[in-house]
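With my numbering as the guide, the letters of the sequence shown map in order to residues 193 to 327. All residues carry an ideal CB built from backbone N, CA and C; glycine is no exception.
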Amino acid sequence: MFAARREHIVQLIAPALAAGSWVVSERFTDATYAYQGAGRGMARDRIAALERWVHGGLQPDLTLVFDAPVEVALARLAKDRGDRFEFESKAFFERVRAAYLERAAAEPRRMRVIQSGRSLKEVKKDVEDIVSTIC
């Protein structure tokens with residue numbers, strides 16, 4: 193996982209940033225802390241050490257956390273099973289969600305929580321409002 197991320201940083205992210213482009217990723221370092229850390233029990237200090245080595249100090253400027261109650265998220269996932277994490281237990285997803293919310297509370301300027309249990313129109317407006325502040 194970290195080798196693939198390093199390759200992605202070197203080949204795509206760093207050159208795009210150097211060219212002045214925006215880079216949008218579905219998952220990055222915060223997902224590692226949530227899924228591998230809280231979800232799978234990997235020690236935070238181990239993730240942090242790997243992160244420092246692989247990322248070379250690169251961190252997202254903004255992370256949007258789309259939060260919904262686990263029951264809502266699982267109902268949505270039941271419609272489209274395509275990721276191995278989607279087969280995990282409710283307890284797993286509760287730990288993952290808690291980790292995201294904990295990180296967001298610790299870094300409120302970088303991580304913004306969007307309540308995604310609402311309508312698509314409401315969620316879209318929140319995203320537009322947040323992103324417009326950095327344009």
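Contact between Ile322 and Arg301 is ruled out by a C-beta separation of about 11 Å, above the 8 Å threshold. Around Ile239, the same chain offers Thr224, Tyr225, Gln228, Gly229 as residues with beta carbons nearer than 7 Å, after the five sequence neighbours per side are excluded. DSSP places Phe194 in the helix class (H, G or I) of the three-state scheme. Listed in chain order, the alpha helix (DSSP H) runs fully inside the region 249–286 are 262–271, counting runs of at least 4 residues. Burial is judged here by how many other beta carbons sit within 10 angstroms of a residue's own beta carbon; Glu314 has fewer than 16 and is exposed.
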